[in-house]
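Down below is the structure, laid out as C-alpha cells.
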Amino acid sequence: MRAMTQELHIIGGGMAGSEAAWQAASAGVPVVIHEMRPKVGTFAHQTGNLAEMVCSNSFRSDDDEQNAVGLLHWEMRQAGGLLMEMADLHQVPAGGALAVDRDAFSQGVTERLRAHPLVRVEEGEITALPQDGHWIIATGPLTSTALGQAIQAETGAERLAFFDAIAPIVYADSIDLSKAWFQSRYDKGETEEERTAYLNCPMDRDQYEAFIDALMAADKTEFHEGETAGYFDGCLPIEVMAERGRETLRHGPMKPVGLTNPHQPDVKAHAVVQLRRDNKLGTLFNIVGFQTKMKYGAQTEVFKTIPGLENASFARLGGIHRNTFINSPSLLDDQMRLRSRPNIRFAGQVTGVEGYVESAAMGLLAARLAVAEMQGRTLPPVPDTTATGALMTHITGGADAKTFQPMNVNFGLFPPVEGLRGGRRGRKDRYKAYTDRAKVDWLAWLAA
Ligand SMILES: Cc1cc2nc3c(=O)[nH]c(=O)nc-3n(C[C@H](O)[C@H](O)[C@H](O)COP(=O)(O)OP(=O)(O)OC[C@H]3O[C@@H](n4cnc5c(N)ncnc54)[C@H](O)[C@@H]3O)c2cc1C
C-alpha cells in the first residue's frame, strides 16, 4: 500500500483513532481515517459511527486531584482533546464519574471529524501493513482477522495476543509484610533481587478451604457471544480451576513448595498465594496465575481473605477478554513506533492499554508524536510524571515484556514523589502531590 507522505493515515476510527485524527488535523496535518465499519462489523460495535462506546457509557472518575483516570481527562482537555470536549457536552448525571449519552457522544465526534476540512474518512477494511507514508494503527481489541495476521507476520506470532488474561494487580504498599514475605521458590535466581522476586501469602488448611468455597460461590461475568474461541488454552480462570477439583489450585498457582515463612519458620503452609513484581518501579505486584471472570465486587471480597492482602488496594482487578494487543515493551520505541517499521505507530487498546480513556490518550499522544516528526520538530520526552507519559512509558518499556498484559492508568505507574508518607494514611496527600506535579509537567510539555 502506498501513501502520500504529507498525510497521516489512521487505521481504525475508534477511541484512539478519532482522537489521533483530531489532534493531527488541529495541528494542520491532513488525515485519512480508514474505518472498516459499517462495511465490516465486529461482535461488539453496533453502528458505523466513529468513537463508538462498545459497552459501558462511562469514562470513569472525573476527579483530577485524587484519581489517575481523572487526571488523564484533565490532561486531554488541556491538549484540546475532542473526545473530552464531546464527553463534557453530552454528559449525563453519574456522581463523580463522567458518563455520557453514548449515541450523542459518538455522533458528535463523527460530525466534528467529518466536518473538518483536513479529515477524510475512507470506509473499508485495511488488510495489510502499509509500506510507506505515516501511519497509526488504532484498530483496537477487535482488530480484524486479516490485519491481525499481517501484524503477526511482522512481529512474530508470540508477540500478538488475541485474549488478555489479567491477574489482579495490587499496590505494593498495601500488602501486609508482617504476614507476607519476599522469596522466590527454592530461592532460585542469580542475584538477591531475583531470589526475592516474589511476595508470598501463606494459608492454613481452613483458610484455603474457605477460599475455595468463596471462589465457587462468587458472582462471575459471562462471555459475550463469539468471544471465547480458543481462549481456554493455558489461562484458565482460577474459579474454573477450583471447580475442577478442590486441590487443583494447591497443585497449581497456589502450591506451597520451595518456600519458608520467616514469620513462622516451623509451620508449613497448606497453600501459598504468590505475587510478582509488575513494574520496574516495584510499586505494583500481580497475583500470579489469578486470572478470573469473577465480578469486580466479588474479586475484592474474595482476595481480601488472603492473609497479607486484608487491606490490599487494587491498581486493577482481574479479567479475561477477547483483546488483540501487541507486546509493546518489545515492539515499540519511545515514540510509539514499530521498531521494525518506524513509519508505523500503534495507538489505543492494541498497544496494551485498557479502557476508553487510556486508548484515547494514547491516540492523542501518538498523533502529536507523528505530527512533530512530519513537521521536522523534535519534542522533548513525554514526562513520565504525567498520566499520559506514565502510561506510555509503562507500555513502551516500564512493563516486563515477558508477562505483559493490558494496563489501566493508575498511580502505581508514576515515579514516587519523595518525602511523603506511605501507606493508606498518606494516600490523599500522595495522590494530590502526583496530580499537582503531573499538571505542571504536562502544561510544560504541551508548550514545548
Ligand atoms: C466487548 C468489549 C467491552 C468493552 N467494554 C469496555 C468498557 O465498558 N469500558 C471501557 O473503558 N473499555 C471497554 N472495552 C475496551 C474498549 O474496547 C476500549 O477501551 C476502546 O474502545 C479501545 O479504543 P480503541 O480506539 O483502541 O479501539 P476501538 O474503539 O475498538 O476502535 C478500533 C476501530 O478499528 C476498526 N478496525 C478494526 N480493524 C480494522 C481494519 N483492519 N481496518 C479498518 N478498521 C478496523 C474497528 O471497527 C473500530 O472502529 C471493551 C472492549 C470490548 C471488546
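Going by the numbering used here, the sequence shown opens with residue 5, and the numbers climb by one from there. By construction, the Cβ of each residue, glycine as well, lies at the ideal position given by its N, Cα and C atoms.
Inset, instruction - Please report how far the alpha carbon of Arg281 lies from the alpha carbon of Glu115, in whole angstroms. - result: Within the sequence shown, residue 281 is the residue found at index 277, counting from 1. Within the sequence shown, residue 115 is the residue found at index 111, counting from 1. So the alpha carbons of these two residues sit roughly 45 Å apart.
Inset, instruction - Report yes if the C-beta of Gly262 is less than 6 Å from at least one heavy atom of ligand 1; otherwise report no. - result: By one-based count along the sequence shown, residue 262 stands at place 258. For ligand 1, no non-hydrogen atom lies closer than 6 Å to the CB of Gly262.
Legend entry - First through last residue of the alpha helix (DSSP H) which encompasses Phe215: Numbered from its first residue, the sequence shown carries residue 215 at position 211. In the DSSP assignment, Phe215 falls within the unbroken alpha helix (DSSP H) covering 209 to 221.
Inset, instruction - Would you check if the distance between the CB atom of Ile179 and the CB atom of Ala319 is smaller than 7 Å? - result: The residue given as residue 179 occupies position 175 in the sequence shown. The residue given as residue 319 occupies position 315 in the sequence shown. No, the Cβ-Cβ distance between Ile179 and Ala319 is not below 7 Å.
Inset, instruction - Out of Thr225, Glu362, Pro260, Thr390, point me to the one whose CA is closest to Val244's CA. - result: As a working note, residue 244 is residue 240 in the sequence shown. The shortest Cα separation from Val244 among Thr225, Glu362, Pro260, Thr390 belongs to Thr225.
Legend entry - Phe307, enclosing alpha helix (DSSP H) - first and last residue: For the purposes of this step, residue 307 is identified with residue 303 of the sequence shown, where counting begins at 1. Start and end: 300 to 307.
Inset, instruction - Out of Pro333, Tyr300, Thr382, state which residue places its alpha-carbon closest to the alpha-carbon of Ile170. - result: Here residue 170 refers to the residue found at position 166 of the sequence shown. Here the closest residue by C-alpha is Tyr300.
Inset, instruction - With a threshold of 6 Å, establish whether the CB of Leu336 neighbours any heavy atom of ligand 1. - result: Taking the sequence shown and counting its residues from 1, the one referred to as residue 336 is at position 332. It does not: the Cβ of Leu336 is nowhere closer than 6 Å to a heavy atom of ligand 1.
Inset, instruction - Return helix, strand or coil for His267, following the three-state DSSP convention. - result: The count along the sequence shown starts at 1 and reaches residue 267 at position 263. It is coil, neither helix nor strand.
Inset, instruction - Could you work out which residue in Leu87, His274, Glu213, Gln156 is closest to Phe329 when comparing CA atoms only? - result: Along the sequence shown, one-based indexing puts residue 329 at 325. The option with the nearest alpha carbon to Phe329 is Gln156.
Inset, instruction - Flag this pair as yes or no: are the beta carbons of Val276 and Pro206 separated by less than 7 Å? - result: Taking the first residue of the sequence shown as position 1, residue 276 is located at position 272. Taking the first residue of the sequence shown as position 1, residue 206 is located at position 202. Cβ atoms of Val276 and Pro206: closer than 7 Å.
Legend entry - Any 3 or more C-beta pairs closer than 8 Å across the segment 87 to 106 and the segment 57 to 69: Verdict: yes, contact present.
Inset, instruction - Count the CB pairs spanning the segment 239 to 254 and the segment 285 to 303 that are closer than 8 Å, and state whether there are at least three. - result: With a cut-off of 8 Å, the segment 285 to 303 and the segment 239 to 254 count as touching, because enough Cβ pairs lie within range.
Legend entry - Neighbourhood of Ala29 by C-beta distance below 6 Å, restricted to the same chain and skipping five residues each side: For the purposes of this step, residue 29 is identified with residue 25 of the sequence shown, where counting begins at 1. In its chain, beyond the 5 residues on either side, Val35, His120, Leu122, Val123 have a beta carbon closer than 6 Å to the beta carbon of Ala29.
Inset, instruction - From the DSSP output, in three-state form, read off Pro145 for me. - result: Locating residue 145 in the sequence shown gives position 141, where the first residue counts as 1. DSSP places Pro145 in coil when its eight states are reduced to three.
Inset, instruction - Ignoring anything shorter than 3 residues or poking outside the segment 120 to 170, list the beta strand (DSSP E) runs there in chain order. - result: Counting only runs of 3 or more, we get 123 to 127, 138 to 141, 164 to 170.
Legend entry - Classification of Phe215 by the beta-carbon crowding that lies within 10 angstroms, buried from 16 upward: As a working note, residue 215 is residue 211 in the sequence shown. When all chains shown are included, Phe215 counts as buried.
Legend entry - Arg6 versus Thr407: straight-line alpha-carbon distance, rounded: For this step, residue 6 is matched to residue 2 along the sequence shown. For this step, residue 407 is matched to residue 403 along the sequence shown. For Arg6, the predicted structure reports a pLDDT of 42, less than 50, and the residue's modelled location is therefore unreliable. The matter cannot be settled from this model.
Inset, instruction - Indicate, with yes or no, if ligand 1 has a heavy atom lying under 6 Å from the CB of Pro145. - result: In the sequence shown, counting from the first residue as 1, residue 145 sits at position 141. Yes; taking the cut-off as 6 Å, the Cβ of Pro145 has a heavy atom of ligand 1 nearer than that.
Legend entry - Contact check, Ala218 vs Val306, beta carbons under 7 Å: Here residue 218 corresponds to residue number 214 of the sequence shown, with the count starting at 1. Here residue 306 corresponds to residue number 302 of the sequence shown, with the count starting at 1. Result yes, Cβ atoms of Ala218 and Val306 sit closer than 7 Å.
Inset, instruction - Go ahead and pull the three-state DSSP assignment for Ser22. - result: In the sequence shown, the residue the question calls residue 22 occupies position 18. If DSSP states are grouped into helix, strand and coil, Ser22 belongs with the helices.
Legend entry - Backbone secondary structure at Met5 - three-state DSSP: Working through the sequence shown from its first residue, we reach residue 5 at position 1. The predicted model places Met5 with a pLDDT of 45, which falls under 50 and marks its position as unreliable; any figure quoted below should be read in that light. In the structure shown, Met5 sits in coil (DSSP, three-state: anything other than H, G, I, E or B).
Legend entry - Burial state of Met8, where buried means 16 or more other Cβ atoms lie within 10 Å: For the purposes of this step, residue 8 is taken as residue 4 along the sequence shown, with counting starting at 1. Confidence at Met8 is low in this model, with a pLDDT of 46, below 50, so its placement is unreliable and the value that follows should be read with caution. Counting Cβ neighbours within 10 Å, Met8 comes out exposed, since fewer than 16 surround it.
Legend entry - Own chain residues within Cβ distance below 8 Å of Thr355, not counting five before or after: Here residue 355 refers to the residue found at position 351 when the sequence shown is read from its first residue. Contacts found: Phe329, Ile330, Ser332, Leu336, Met340, Met366, Ile399.
Inset, instruction - Look at the Cβ atom of Glu158, then the Cβ atom of Leu133, and state whether they are nearer than 7 Å. - result: One-based indexing of the sequence shown puts residue 158 at position 154. One-based indexing of the sequence shown puts residue 133 at position 129. Yes.
Inset, instruction - Assign Asn2 to buried or exposed, taking buried as 16 or more other Cβ atoms, counted over all protein chains shown, within 10 Å of its Cβ. - result: In the structure as shown, the chain begins at 5 and stops at 452. Residue 2 is therefore absent and cannot be evaluated.
Legend entry - Pair within 7 Å by beta-carbon distance, Thr397 and Ala442: By one-based count along the sequence shown, residue 397 stands at place 393. By one-based count along the sequence shown, residue 442 stands at place 438. Cβ distance not < 7 Å, so Thr397 and Ala442 don't count as in contact.
Inset, instruction - Less than 8 Å between the CB atoms is what I'm expecting for Arg189 and Gly262, so what's the real figure, rounded? - result: Sequence index remark: in the sequence shown, residue 189 carries index 185 (1-based). Sequence index remark: in the sequence shown, residue 262 carries index 258 (1-based). With 8 Å as the limit, Arg189 and Gly262 qualify as a contact, their Cβ atoms being about 4 Å apart.
Legend entry - Ala25 classed as buried or exposed, judged by whether at least 16 other C-beta atoms fall within 10 angstroms: For this step, residue 25 is matched to residue 21 along the sequence shown. That one is buried.
Legend entry - beta-carbon Gly17 near ligand 1 non-hydrogen atom, thresh 6 Å: If you number the sequence shown from 1, residue 17 lands on position 13. In this structure, the C-beta of Gly17 approaches ligand 1 to less than 6 Å from one of its heavy atoms.
Legend entry - Residue range of the unbroken alpha helix (DSSP H) whose run includes Thr407: Start at 1 with the first residue of the sequence shown, and residue 407 comes out as number 403. No alpha helix (DSSP H) contains Thr407, which DSSP labels as neither H nor E.
Inset, instruction - Have a look at Arg81 and Ile348 and give me their C-alpha separation to the nearest angstrom. - result: As a first step, residue 81 must be located in the sequence shown, where it is residue number 77. As a first step, residue 348 must be located in the sequence shown, where it is residue number 344. Looking at the two C-alpha atoms, the distance is approximately 26 Å.
Inset, instruction - Take Glu127 as the anchor and find which of Ile324, Asp107, Gly45, Gly393 has the nearest alpha-carbon. - result: The residue you call residue 127 lines up with position 123 of the sequence shown. The shortest Cα separation from Glu127 among Ile324, Asp107, Gly45, Gly393 belongs to Gly45.
Legend entry - For Leu93, the first and last residue of its enclosing alpha helix (DSSP H): Residue 93 sits at position 89 when you count from the first residue of the sequence shown. Here the alpha helix (DSSP H) through Leu93 covers 86 to 93.
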